[in-house]
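In the numbering used here, the protein residues as written are 673 to 1051.
Below you'll find the structure, written out as structure tokens, and then a few comments.
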Ligand SMILES: Cc1cc2nc3c(=O)[nH]c(=O)nc-3n(C[C@H](O)[C@H](O)[C@H](O)COP(=O)(O)OP(=O)(O)OC[C@H]3O[C@@H](n4cnc5c(N)ncnc54)[C@H](O)[C@@H]3O)c2cc1C
């Protein structure tokens, strides 16, 4: 078994790091403004330059504007981006799962219309899944899409929609069947957010300025060409295309970097002479490494074109543990300073709060691990 990176992937990472070191001067200062106009402007410019080099969608098939590269190169990109606070902004969603969903389930017309602006880095997409009464229990969603002539009329409310305030389109789930149909009555809509009847309202949140939004839909009319895949078959799309998204944000890479910086700082302050502090650093580092190895097992599955498995739940749970360990250590080691906006450890602490909730909560991952890996009975 070969554990090292092969020469091509290692060379790609070196070239990418040089490019990012040049391109991202000054970027870290805006990191806490996730979802703000300044942040989004930066992302739009940066992602275009990434696209010009073929590094935005390297893993997509060439016929759809990708580079035809493997899963590992895509993942090297993700690690280096996440380490730097994800300068692609919401466009990481475009390339990780919005585009791939359209490639797999879209019509020829949808592919022609939707994919080129993504590969050029010109559009922001957001994810309209959660509702006030449907988070973990997503199948309880109530937003309705009623067929009317040659289109659909959408009515309902979404919540916690990151980046909706800056986005052009929303990958939206709505109920086309009856409530009793549960998962079998849900469809995916590719909704232009400028559609009349769509209103985005910002919600202040702990993750950064304007990061969260509510999206209200009041009889918003869209054409039938906004439906992705078959009516009432949206759950299958979400299940398949989001399976790998559980590890799509390699959060351990950022946590490990923050840990290194905190260690430098604590060494300078003489705190590392305390064996208790050193032990906490060691534990946090071990959790970051465990998360990395578990995520790599998921990427290996993908590289071998295997069906997604419960390894993704395990890897995601491990990433949450790593993020929380580093966030908690920041608070304990740096004290009140870690709560000052923009300070070392602040973004980490706030990110670690959200990490266990977004993209499937930590507790739900544990439930799935108990059932799918440990084979324990469902309670
Ligand atoms: C940073 C961040 C970004 C987000 N971005 C988006 C976005 O862009 N688009 C979007 O649609 N949504 C987004 N969300 C929302 C997120 O998907 C939901 O918050 C999440 O699905 C949980 O739903 P909820 O908030 O309704 O909590 P609930 O589902 O009410 O859960 C509350 C708590 O109960 C626990 N719980 C629930 N059911 C069980 C169970 N069966 N067993 C054990 N414990 C359980 C959960 O783990 C959680 O701790 C985001 C959330 C965060 C934090």
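Glycine included, C-beta positions come from ideal geometry on N, C-alpha and C.
Check                                                                                                                                                                        : Outcome
Pull up the CB-CB distance for residue 813 and residue 775, whole angstroms please, since I reckon it's below 8 Å.                                                           : Not confirmed; about 25 Å, so no contact.
Can you find a heavy atom of ligand 1 that lies under 7 Å from the Cβ of residue 1033?                                                                                       : yes
Can residue 1029 be considered in contact with ligand 1, in the sense that its beta carbon sits closer than 7 Å to one or more heavy atoms?                                  : yes
How do the region 796-806 and the region 837-847 stand: do at least 3 beta-carbon pairs fall below 8 Å, yes or no?                                                           : yes
When the distance is taken between beta carbons, is residue 884 closer than 8 Å to residue 802?                                                                              : no
Under three-state DSSP, which class holds residue 976?                                                                                                                       : coil
Is the separation between the beta-carbon of residue 826 and that of residue 894 shorter than 8 Å?                                                                           : yes
Please name the residue or residues paired with residue 620 in a DSSP beta bridge.                                                                                           : What is shown of the chain runs 673 to 1051, which leaves residue 620 out entirely.
So, is residue 946 buried or exposed, given that buried needs 16 or more other C-beta atoms within 10 angstroms?                                                             : exposed
Give the range of the beta strand (DSSP E) segment to which residue 820 is assigned.                                                                                         : 816-820
Should residue 747 be counted as a contact of ligand 1 given a C-beta to heavy atom distance under 7 Å?                                                                      : no
Cβ atoms of residue 759 and residue 699: under 8 Å apart, would you say?                                                                                                     : yes
Kindly indicate which three-state DSSP category residue 762 falls into: helix, strand or coil?                                                                               : coil
Taking just the CA atoms, how far does residue 991 sit from residue 764?                                                                                                     : 18 Å
Given 7 Å as the limit, tell me if residue 801 has its C-beta closer than that to any heavy atom belonging to ligand 1.                                                      : yes
According to the Cβ coordinates, are residue 645 and residue 739 closer than 8 Å?                                                                                            : Because the chain is modelled from 673 through 1051, residue 645 falls outside the range shown and cannot be assessed.
Look at the alpha carbon of residue 995 and the alpha carbon of residue 1002, and state the distance between them as a whole number of angstroms.                            : 11 Å
Could you tell me which of 993, 913, 961 sits nearest to residue 767, measuring between CA atoms?                                                                            : 913
Considering only DSSP beta bridges, list what residue 841 is partnered with.                                                                                                 : 797, 864
How big is the Cα-Cα spacing for residue 784 and residue 982?                                                                                                                : 34 Å
Between which residues of its own chain and residue 944 is the CB-CB distance below 8 Å, once the five residues before and five after are set aside?                         : 935, 938, 950, 953
Around the C-beta of residue 853, are 16 or more other C-beta atoms found within 10 angstroms, so that it is buried, or is it exposed?                                       : exposed
Using only CA atoms, which one of 844, 904, 836, 903 lies nearest to residue 872?                                                                                            : 836
When you compare each of 892, 896, 860, 823 to residue 866 by their alpha carbons, which one comes out closest?                                                              : 892
Between 821, 822, 844, which lies nearest to residue 832 when the distance is taken from Cα to Cα?                                                                           : 844
Restricting to runs no shorter than 4 residues, where is the alpha helix (DSSP H) found entirely within the region 980-1014?                                                 : 983-1006
Let me know if residue 848 comes out buried or exposed under the rule of 16 or more other beta-carbons within 10 Å of its beta-carbon.                                       : buried
For residue 1028, collect the residues of the same chain with a Cβ closer than 6 Å to its Cβ; drop the 5 residues on either side in sequence, then sort them by chain order. : 992, 1034
Quick check on residue 735: buried or exposed, where buried means 16 or more other Cβ atoms within 10 Å of its Cβ?                                                           : exposed
Among the residues of its own chain, which have a CB less than 8 Å from the CB of residue 741, if the five just before and after it don't count?                             : 730, 731
Taking residue 871 as part of the alpha helix (DSSP H), name the residues at either end of that continuous run.                                                              : First-last for residue 871: 870-877, but that is the beta strand (DSSP E), not the alpha helix (DSSP H).
Does residue 963 come out as helix, strand or coil in the three-state DSSP assignment?                                                                                       : helix
Should the region 911-930 be regarded as contacting the region 1013-1021, the criterion being three or more beta carbon pairs within less than 8 Å?                          : yes
Under 8 Å by Cβ, that's how I've got residue 984 and residue 919 pegged, so tell me the actual separation to the nearest angstrom.                                           : 6 Å
Thinking C-alpha only, which one of 903, 810, 713 is nearest residue 1031?                                                                                                   : 810
With DSSP as the reference, please indicate the residues paired to residue 803 in a beta bridge.                                                                             : 806
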